[in-house]
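Colleague: Chains G and U are the protein sequences, given in the same order.
Position one of the first sequence corresponds to residue 1 (the UniProt record's numbering), numbered consecutively onward.
Position one of the second sequence corresponds to residue 1 (the UniProt record's numbering), numbered consecutively onward.
Glycine included, C-beta positions come from ideal geometry on N, C-alpha and C.
These numbers come from a predicted model, not from an experiment.
Let me begin by handing over the structure; questions about it come next.
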Amino acid sequence: MFRKTLMAAAALFAMANTASAATEITWWHAMDGALGDVVNHIADDFNNSQSEYKVVPINKGGYEDTMTAGIAAFRAKNQPNIIQIFDAGAATIINAKGAVYPVQDLLEKYGSKFDINDYIPGVRYFYADSAGKMIGMPFNSSTPLLYFNKDALAKAGIQNPPKTWQEFEEMAPKLKEAGYEGLAESHSPWIFFENFMSRHNLQMATANNGYDSTDVELLYNNEDLKNHWKKMKEWKDAGYFGYYGRAWGANQDAFLQQKAAMWLGSSGSFGGLRKSATFDFGTSTLPYWKGVGDAPKSTFIGGASLFAFSGHSDEENKGVAAFFEFLTKPETQYYWHKETGYVPITTAAYDLAKKDGYYKESPDAEVGIQQLSEEGGKWTKGYRLGFYVQIREVIYSEVDKMMNGEETVDQAFDVIETEGNKLLKRFHDTYSN
Amino acid sequence: MKRVQFGHSPVPYLFVAPQIIIIAIFFLWPAAQAVHQSFLLEDAFGMSSQFVWFRNFEDVLSSPSWLKSAGFTVVFSVLVAVLSIAISLFLAVRADEIIRGAKVYKTLLMWGYAVAPPVAGLLGIMMFNPLMGDLYILLNRIGLDFNHIQNGNDATFVVVLIAVWKQVSVNFIFFLSGLQGIPKSVTEAATLDCKSAERRFWTITFPLLAPTTFFLMVINLTYAFFETFGIIDVSTKGAPGGATATLVYKVYVDGFLGADMGGSSAQSVLLMIMVSILTVFQFRFIERKVHY
Numbered sequence: 001m002f003r004k005t006l007m008a009a010a011a012l013f014a015m016a017n018t019a020s021a022a023t024e025i026t027w028w029h030a031m032d033g034a035l036g037d038v039v040n041h042i043a044d045d046f047n048n049s050q051s052e053y054k055v056v057p058i059n060k061g062g063y064e065d066t067m068t069a070g071i072a073a074f075r076a077k078n079q080p081n082i083i084q085i086f087d088a089g090a091a092t093i094i095n096a097k098g099a100v101y102p103v104q105d106l107l108e109k110y111g112s113k114f115d116i117n118d119y120i121p122g123v124r125y126f127y128a129d130s131a132g133k134m135i136g137m138p139f140n141s142s143t144p145l146l147y148f149n150k151d152a153l154a155k156a157g158i159q160n161p162p163k164t165w166q167e168f169e170e171m172a173p174k175l176k177e178a179g180y181e182g183l184a185e186s187h188s189p190w191i192f193f194e195n196f197m198s199r200h201n202l203q204m205a206t207a208n209n210g211y212d213s214t215d216v217e218l219l220y221n222n223e224d225l226k227n228h229w230k231k232m233k234e235w236k237d238a239g240y241f242g243y244y245g246r247a248w249g250a251n252q253d254a255f256l257q258q259k260a261a262m263w264l265g266s267s268g269s270f271g272g273l274r275k276s277a278t279f280d281f282g283t284s285t286l287p288y289w290k291g292v293g294d295a296p297k298s299t300f301i302g303g304a305s306l307f308a309f310s311g312h313s314d315e316e317n318k319g320v321a322a323f324f325e326f327l328t329k330p331e332t333q334y335y336w337h338k339e340t341g342y343v344p345i346t347t348a349a350y351d352l353a354k355k356d357g358y359y360k361e362s363p364d365a366e367v368g369i370q371q372l373s374e375e376g377g378k379w380t381k382g383y384r385l386g387f388y389v390q391i392r393e394v395i396y397s398e399v400d401k402m403m404n405g406e407e408t409v410d411q412a413f414d415v416i417e418t419e420g421n422k423l424l425k426r427f428h429d430t431y432s433n
Numbered sequence: 001m002k003r004v005q006f007g008h009s010p011v012p013y014l015f016v017a018p019q020i021i022i023i024a025i026f027f028l029w030p031a032a033q034a035v036h037q038s039f040l041l042e043d044a045f046g047m048s049s050q051f052v053w054f055r056n057f058e059d060v061l062s063s064p065s066w067l068k069s070a071g072f073t074v075v076f077s078v079l080v081a082v083l084s085i086a087i088s089l090f091l092a093v094r095a096d097e098i099i100r101g102a103k104v105y106k107t108l109l110m111w112g113y114a115v116a117p118p119v120a121g122l123l124g125i126m127m128f129n130p131l132m133g134d135l136y137i138l139l140n141r142i143g144l145d146f147n148h149i150q151n152g153n154d155a156t157f158v159v160v161l162i163a164v165w166k167q168v169s170v171n172f173i174f175f176l177s178g179l180q181g182i183p184k185s186v187t188e189a190a191t192l193d194c195k196s197a198e199r200r201f202w203t204i205t206f207p208l209l210a211p212t213t214f215f216l217m218v219i220n221l222t223y224a225f226f227e228t229f230g231i232i233d234v235s236t237k238g239a240p241g242g243a244t245a246t247l248v249y250k251v252y253v254d255g256f257l258g259a260d261m262g263g264s265s266a267q268s269v270l271l272m273i274m275v276s277i278l279t280v281f282q283f284r285f286i287e288r289k290v291h292y
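Take a look at the structure:
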């Protein structure tokens, strides 16, 4: 008994010793389940590749939980080195002056080199400031895709999935005749608001989509977007569009259970769908309206990025820089892309995947990155809007009301405009002094 | 005269100290912080803040979604409290009358108590899943055109049903022990005096259960206000169109998800005021009718 204790103590001491030899870098993230395993694998690879630093990834729940945990830790002056923050929370952390160490500064000071043009166009400026300086490190980037059930399309006598909404409108009655709803869709704010604007190269908010100032107003209340939603309502009433509410999974299930022939979701869902679908499906780009804006342009990314918290020692920051460099290495990105379905964030990684023949064996995995590499426009770089989580809540709520007929499309957009702008004003008043 | 008190020994204070400290740390201090925060506009990371008087309260009280949510909370709480008390009282009376196999019934009725609210929400929403939920399919098959994803009233029905189901077992335990606490002699005397079981119940049994009922009313309203959060979050997330968002759920969305510290603090202060008024009302006006 005594010997056992002694040995355990010795083992513990030895472990503590090796741990103190390497500088510890804590990384709070929101990747759980299979994604969490991949994250741990990457951290292990980094730790084994050198002995100076040890990255410790810790799952803090979902995106929102992770952000809240980070906020609480920062206020208690006990923040981790790296935190993963999702797209809608970016404005909150970037506008809190001095809370983060901009990744570009970090890499330029401690790393070997930094060139923003190494990154694919779609992710380049999404987490940058108005001067184009990269603040957050793009990490898990996804984009909306159209998934289609090949059998269903064949049954309706349709060759190819729709490129435009005009084409969709033509094929929807055929699909209905074949016994399918044409379309289901998850995450309306992301796909049919934010990405609608990007795809059609329309301005989403004043002040350069919010990059230049927090004094900003939404531009959602426009004829193009409203016409789209009027169509959606029309299609829903005709049985061409199945609306299963705000829950991501409920709409995806409609596709998986072959009620809906097509589904708009995230490129990040690709890996999971491949496992759970009992039918043959393909992916295609997000449809657009011919004649609206100058579509098709590249879409916005979704997902999250990594931020380096300020207030850490030089030694630790150096470790963060080293880890970020490791993360952007083509091999790391290719591995991440292959395992998860998120897009590779650098052109070098994309090239590696191409060279390796990954897209020959699985061409559908390339659609997301192709879409993000499409030609960009003035309004496709991204957006920076405060309290955007709550604005999305307003959108969710108003979409419900449009779909159940409680409000007309025009009424709903008036509410989105007034409520959204009220929230933006609050954010401006909070962060501008 | 002989002193009957122990004098001013510090020992009693020592005994209650742990409780007082816990209340101070986990209730009084955060409550004071919330009040303080509700007068500030402060960024989430605490890098800058300004005192804005009642701006947060004005913003909250002028927000249509908050007002809608306040209305829903009242309706929801009353429905949950009244229904769960009525149903569990009925079940307790029935279970009390049973002699054979009473244990089995009682155990089965108490089981729900062990289910955590988010799990209850999950169970509920699986039963109401539009693609495969049994209750959803059943309700539509009997011709009700039921759709809680689009219809606010249907969604209210779903969350009330889950919340009531979850609470019935707790109430049942209290009512059952209340019923068993009624002396046999009283019920026997009543049986001799009055033949109608129903009248006997309302004139003898129910008044004897009044303290329990009052206690449960307070507990159930608190439950409906605060503890149903997990059910709402898992089952509807306040949808459709904010029709099932309770005030606590809104505090969570704005404060926890949205990082609006001042706004959510103002909401929780308003909530605190509402619950205080409710408590005063209950104890001043309803408790008078209760005889212990």
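1) Have a look at residue 1 of chain G and residue 302 of chain G and give me their C-alpha separation to the nearest angstrom.
2) Which runs of the alpha helix (DSSP H), 4 residues or longer, sit entirely within the region 217–289 of chain U?
3) Does the region 169–176 of chain G come within contact of the region 279–295 of chain G, defined as at least 3 CB pairs closer than 8 Å?
4) Just to confirm, are residue 99 of chain U and residue 105 of chain U a CB contact at a threshold of 8 Å?
5) Indicate whether at least one CB of chain U lies closer than 8 Å to the CB of residue 84 of chain G.
6) Using 10 angstroms around the beta-carbon of residue 235 of chain G, count the other beta-carbons present and answer buried if the total reaches 16, otherwise exposed.
7) Mind checking who residue 72 of chain U pairs with in its DSSP beta bridge?
8) When the Cα atoms are used, what is the spatial distance from residue 132 of chain U to residue 234 of chain U?
9) Check distances from the C-beta atoms of the region 148–163 of chain U to those of chain G and list, in chain order, the residues that come in under 7 Å.
10) Mapping DSSP to helix, strand and coil, what is residue 57 of chain G?
11) Quick one: grab the DSSP three-state call for residue 140 of chain G.
12) Within the same chain, show all residues whose beta-carbon is closer than 7 Å to that of residue 199 of chain G, passing over the 5 residues directly before and after it, in chain order.
13) Please report the Cβ distance between residue 383 of chain G and residue 204 of chain G, rounded to the nearest whole angstrom; I am assuming they are in contact, meaning their Cβ atoms lie under 8 Å.
14) Could you check if residue 9 of chain U is buried or exposed, using at least 16 other CB atoms within 10 Å of its CB as the buried criterion?
15) Assuming residue 94 of chain G and residue 305 of chain G form a contact by the criterion Cβ under 8 Å, report the distance between their Cβ atoms to the nearest whole angstrom.
16) Nearest chain U C-beta to residue 75 of chain G closer than 8 Å, yes or no?
17) Would residue 253 of chain U count as contacting chain G if we go by Cβ distances under 8 Å?
18) Flag residue 130 of chain U as yes if its beta-carbon sits less than 8 Å from any beta-carbon of chain G, otherwise no.
19) Can you name, in chain order, every residue of its own chain whose Cβ lies under 6 Å from the Cβ of residue 246 of chain G, other than the five neighbours on each side?
20) Quick one: is residue 57 of chain U near chain G, going by C-beta distance under 8 Å?
21) Could one say the Cβ of residue 258 of chain G lies closer than 8 Å to chain U's Cβ atoms, at least one of them?
22) Please list the partners that residue 71 of chain G has in chain U, where partner means a Cβ-to-Cβ separation under 7 Å.
23) Run the CB neighbour count on residue 115 of chain G, radius 10 Å, all protein chains shown included, and call it buried at 16 or more, exposed below.
24) Count the other CB atoms, across all protein chains shown, that sit within 10 Å of the CB of residue 199 of chain U; report buried if there are 16 or more and exposed otherwise.
25) Residue 384 of chain G CB to nearest chain U CB: under 8 Å?
26) DSSP state of residue 218 of chain G, grouped into three classes?
27) Contact criterion: CB-CB distance below 8 Å. Does residue 121 of chain U meet it with respect to chain G?
28) Output yes if chain U places a C-beta closer than 8 Å to the C-beta of residue 390 of chain G; else output no.
29) Are any of the Cβ atoms in chain G nearer than 8 Å to that of residue 239 of chain U?
30) Could you round the C-beta distance between residue 184 of chain G and residue 254 of chain G to whole angstroms and report it? I think they count as a contact, below 8 Å.
31) I need the straight-line Cα distance from residue 120 of chain U to residue 160 of chain U, nearest angstrom please.
32) Take every Cβ of the region 81–93 of chain U, pair it with every Cβ of the region 159–175 of chain U, and state whether three or more of those distances are shorter than 8 Å.
33) My understanding is that residue 116 of chain U touches residue 230 of chain U, with C-beta atoms under 8 Å, so please give their C-beta distance in whole angstroms.
34) Measuring CB to CB, does residue 186 of chain U end up less than 8 Å from residue 282 of chain U?
35) So which residues of chain U does residue 401 of chain G contact, with C-beta pairs closer than 8 Å?
36) Under 8 Å: do the region 267–279 of chain G and the region 141–159 of chain G share three or more Cβ pairs, one atom per stretch?
Modeller: This is what the structure holds:
1) Note that residue 1 of chain G scores a pLDDT of 47, beneath 50, so its modelled location is shaky; the value from the coordinates is reported in the next line. Rounded to whole angstroms, residue 1 of chain G to residue 302 of chain G spans 55 Å at the Cα level.
2) Taken in chain order, the complete alpha helix (DSSP H) segments of 4 or more residues contained in the region 217–289 of chain U are 229–235, 247–251 and 261–281.
3) Too few Cβ pairs lie closer than 8 Å, so no.
4) Taking 8 Å as the Cβ cut-off, residue 99 of chain U and residue 105 of chain U do not qualify as a contacting pair.
5) No - not a single Cβ of chain U is within 8 Å of the one on residue 84 of chain G.
6) Around the Cβ of residue 235 of chain G, a 10 Å sphere holds 16 or more other Cβ atoms; the residue is buried.
7) Bridge partners of residue 72 of chain U: none, in fact.
8) Between the alpha carbons of residue 132 of chain U and residue 234 of chain U lies a distance of about 17 Å.
9) Taking 7 Å as the Cβ-Cβ cut-off against chain G, the residues of the region 148–163 of chain U that qualify are 149, 150 and 151.
10) Here residue 57 of chain G sits in strand by DSSP.
11) In the structure shown, residue 140 of chain G adopts extended strand secondary structure according to DSSP, grouped into three states.
12) Excluding residues within five positions, the ones whose Cβ falls inside 7 Å are 286, 288, 295, 296, 297 and 299.
13) Yes, residue 383 of chain G and residue 204 of chain G are in contact; Cβ-Cβ is about 5 Å, under 8 Å.
14) When all chains shown are included, residue 9 of chain U counts as exposed.
15) Their Cβ separation, rounded to whole angstroms, is 10 Å, which puts residue 94 of chain G and residue 305 of chain G out of contact at 8 Å.
16) Chain U, which has a Cβ nearer than 8 Å to the Cβ of residue 75 of chain G, makes this yes.
17) Interface residue, yes.
18) Judged by the 8 Å Cβ criterion, residue 130 of chain U is in contact with chain G.
19) Counting only Cβ-Cβ distances below 6 Å, and skipping sequence neighbours, we find 396.
20) No - not a single Cβ of chain G is within 8 Å of the one on residue 57 of chain U.
21) It does not: the Cβ of residue 258 of chain G has no partner Cβ on chain U nearer than 8 Å.
22) Per Cβ cutoff of 7 Å: 44, 45 and 259.
23) With fewer than 16 other CB atoms across the displayed protein chains lying within 10 angstroms of its CB, residue 115 of chain G is exposed.
24) With fewer than 16 Cβ atoms within 10 Å of its Cβ, residue 199 of chain U is classed as exposed.
25) By this cut-off, residue 384 of chain G is not an interface position.
26) Per DSSP, reduced to three states, the secondary structure at residue 218 of chain G is strand.
27) Interface flag for residue 121 of chain U against chain G is unset, since no Cβ pair is found closer than 8 Å.
28) Cβ-Cβ to chain U under 8 Å: yes for residue 390 of chain G.
29) Yes - at least one Cβ of chain G is within 8 Å of the one on residue 239 of chain U.
30) Indeed they touch by this definition, with Cβ atoms about 4 Å apart.
31) Rounded to whole angstroms, residue 120 of chain U to residue 160 of chain U spans 12 Å at the Cα level.
32) With three or more CB-CB distances shorter than 8 Å, the region 81–93 of chain U counts as touching the region 159–175 of chain U.
33) 7 Å between Cβ atoms; contact.
34) Not in contact: residue 186 of chain U and residue 282 of chain U (Cβ atoms no closer than 8 Å).
35) Using a Cβ-Cβ cut-off of 8 Å, residue 401 of chain G is close to 240 and 241 of chain U, given in chain order.
36) Yes: at least three Cβ pairs fall under 8 Å.
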